[in-house]
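Accompanying notes for the structure given below.
Chains as they are written, first to last, in this note's numbering: chain Y, 1 to 315; chain V, 1001 to 1172.
Shown next, in the form of structure tokens:
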């Protein structure tokens, strides 16, 4: 039976390869809604979705919001700065009072890893993790997979190089878990200070040399160097980072001829990626954004009947 | 129904469609997933053969428009709607295998309205088994079959099931 049997989507770790393919196939079928005269279907009519964003976000929040609107759900947006959180309310109390309004789905982004998991245990509604701390960002990984699959036709057997601040990136974590579940060869590349020593456990090979990661790569995924962490002295200087890890046109020659470049955004042009690479024909960065809406529609659709199911123990 | 009877019924439907429409109408044939797609394809071929001109053929997935999605649990598998022509001002013939409650056709009509404004929409089915729950009737019917509530009609097609027949099953 083609169905997700979970109440929540908390991470890629909980999904089987079949689940992932189901979500991607569903997203593929939903892409056409964006090309129509009426970009809306009545599927989630009468369902209520709450977007609970405790961290700033433009891309993910607007992508979720658009996905919800295209499925005709009623939506409610909460951002930390304008809610009672700024008055000192705990996450649990916020969640309980929102739950009392009987939503069907809550989409949450939070700076602490595990926040969505706590909500999942406490709430009857389906919880979708839109990024928790440095833990997971499942819908981003799914849209990355959809983008790769649409261009390359498969994920199995591809060499995928992920370069950047692996340590602080929930995208790197979710991507690595997903790509290795689907049989890709994942390389994680970063200076040793920006990569956790046990990252191999997620299924990636680790290297400190971008040349090794790029060598014959089918997919090059760049991550943002988190400028707000610069004072923590993980790297000597941004210029040095660019010299050793920046994606330039010269370095792109190491990858396969039909390689694609991805970036979850926001980009720092001239730091981790050069402008002429980011805007090159092989860059699929804007496809990622477009696929994000279809992917989130797919997840909302597949979870929409599951509120009230028992939460999973741990993922 | 055996394969010969099914083919005969489709031939008759094709002839009726031409008789009713071709003289003054631009028309297209749209199959409802899943088995309607194959029947639409076959009808299209038959009509093209007679009229000696290409007829537009599309595929409609009605999953997003179903009225039973509010129920808990299983989500039906979504598939793509493929209608790569402009349906505005066309006469459309919706094709499905079995007409039963009429709910699928209701969903299909909602789906079509979101894609444009056809001049008219007609319905062709291989089997009409009665028990309507909505005021919907077919314009072209291959065969009327009297059925009881606890029976179901299964249309098996070569393209989907590897065999060609229509059978009546009593549900256990």
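C-beta: ideal position from N, C-alpha, C; glycine also.
Quick caveat, the model's predicted, so the values are computed rather than measured.
{"query": "8 Å Cβ shell around residue 152(Y) - same chain, five flanking residues per side excluded", "result": "158, 218, 219 and 260"}
{"query": "Sheet register partners of residue 159(Y) (DSSP bridge)", "result": "185(Y)"}
{"query": "Residue 1170(V) to residue 115(Y) span [Cα, whole Å]", "result": "51 Å"}
{"query": "Cβ neighbours of residue 1121(V) in the same chain (closer than 7 Å, five flanking residues each side left out)", "result": "1092, 1094, 1109 and 1112"}
{"query": "For residue 43(Y), three-class secondary structure by DSSP", "result": "coil"}
{"query": "Under 8 Å from the C-beta of residue 42(Y): neighbouring residues of chain V", "result": "1064, 1065 and 1110"}
{"query": "Partner residues on chain Y for residue 1147(V), Cβ-Cβ distance less than 8 Å", "result": "Result: empty, since nearest Cβ-Cβ is about 26 Å, beyond 8 Å."}
{"query": "Check: residue 281(Y) C-beta below 7 Å from any heavy atom of the ligand GTP", "result": "This structure does not include the ligand GTP; it has no bound ligands of any sort."}
{"query": "From 60(Y), 81(Y) and 176(Y), residue whose alpha carbon lies closest to that of residue 54(Y)", "result": "81(Y)"}
{"query": "Pair within 8 Å by beta-carbon distance, residue 1043(V) and residue 1030(V)", "result": "no"}
{"query": "Three-state class that DSSP yields for residue 179(Y) in the structure shown", "result": "helix"}
{"query": "CB-CB length for residue 1061(V) against residue 1079(V), believed under 8 Å", "result": "5 Å"}
{"query": "Where the alpha helix (DSSP H) through residue 1122(V) begins and ends", "result": "Careful: residue 1122(V) lies outside any alpha helix (DSSP H), inside the beta strand (DSSP E) at 1120-1128."}
{"query": "For residue 1045(V) and residue 171(Y), the rounded distance between their alpha carbons", "result": "49 Å"}
{"query": "Where the beta strand (DSSP E) through residue 77(Y) begins and ends", "result": "74-79"}
{"query": "Residue 64(Y) - DSSP class collapsed to helix/strand/coil", "result": "helix"}
{"query": "Three or more C-beta pairs below 8 Å linking the region 252-268 of chain Y and the region 187-199 of chain Y", "result": "no"}
{"query": "Cα-Cα separation between residue 1107(V) and residue 57(Y), rounded to whole angstroms", "result": "36 Å"}
{"query": "The region 181-196 of chain Y contacting the region 142-156 of chain Y, beta-carbon criterion three pairs below 8 Å", "result": "yes"}
{"query": "Other residues of its chain near residue 1151(V): CB distance less than 6 Å, five sequence neighbours each side excluded", "result": "1168 and 1170"}
{"query": "Beta-carbon proximity check, residue 164(Y) vs residue 186(Y), cutoff 8 Å", "result": "no"}
{"query": "Unbroken stretches of the beta strand (DSSP E), 3 residues or longer, contained in the region 103-139 of chain Y", "result": "105-110 and 126-132"}
{"query": "6 Å Cβ shell around residue 78(Y) - same chain, five flanking residues per side excluded", "result": "52"}
{"query": "Proximity of residue 1129(V) and residue 1157(V) at Cβ, strictly below 8 Å", "result": "no"}
{"query": "Sub-8 Å separation of residue 262(Y) and residue 288(Y) beta-carbons", "result": "yes"}
{"query": "Between the CA atoms of residue 297(Y) and residue 39(Y) - distance to the nearest angstrom", "result": "12 Å"}
{"query": "Three or more C-beta pairs below 8 Å linking the region 291-309 of chain Y and the region 57-68 of chain Y", "result": "yes"}
{"query": "Contact set between residue 1080(V) and chain Y, taken where Cβ atoms lie within less than 9 Å", "result": "28, 29, 30, 31 and 32"}
{"query": "Cutoff 8 Å: residue 1075(V) Cβ touching any chain Y Cβ", "result": "yes"}
{"query": "Member of 1026(V), 1117(V), 1135(V) and 1005(V) whose CA lies at the smallest distance from the CA of residue 1104(V)", "result": "1135(V)"}
{"query": "Below-8 Å beta-carbon distance, residue 1116(V) vs any chain Y residue", "result": "yes"}
{"query": "Simplified DSSP assignment, three categories, for residue 245(Y)", "result": "helix"}
{"query": "Identified DSSP bridge partners for residue 198(Y)", "result": "Paired residue(s): none; residue 198(Y) is not in a bridge."}
{"query": "Status (buried if at least 16 other CB within 10 Å, exposed otherwise) for residue 310(Y)", "result": "exposed"}
{"query": "Inter-residue Cα distance where the pair is residue 101(Y) and residue 48(Y)", "result": "9 Å"}
{"query": "Opening and closing residue of the alpha helix (DSSP H) in which residue 1034(V) lies", "result": "Taken as a continuous stretch (DSSP letters only), residue 1034(V) belongs to no alpha helix (DSSP H), as it is neither H nor E."}
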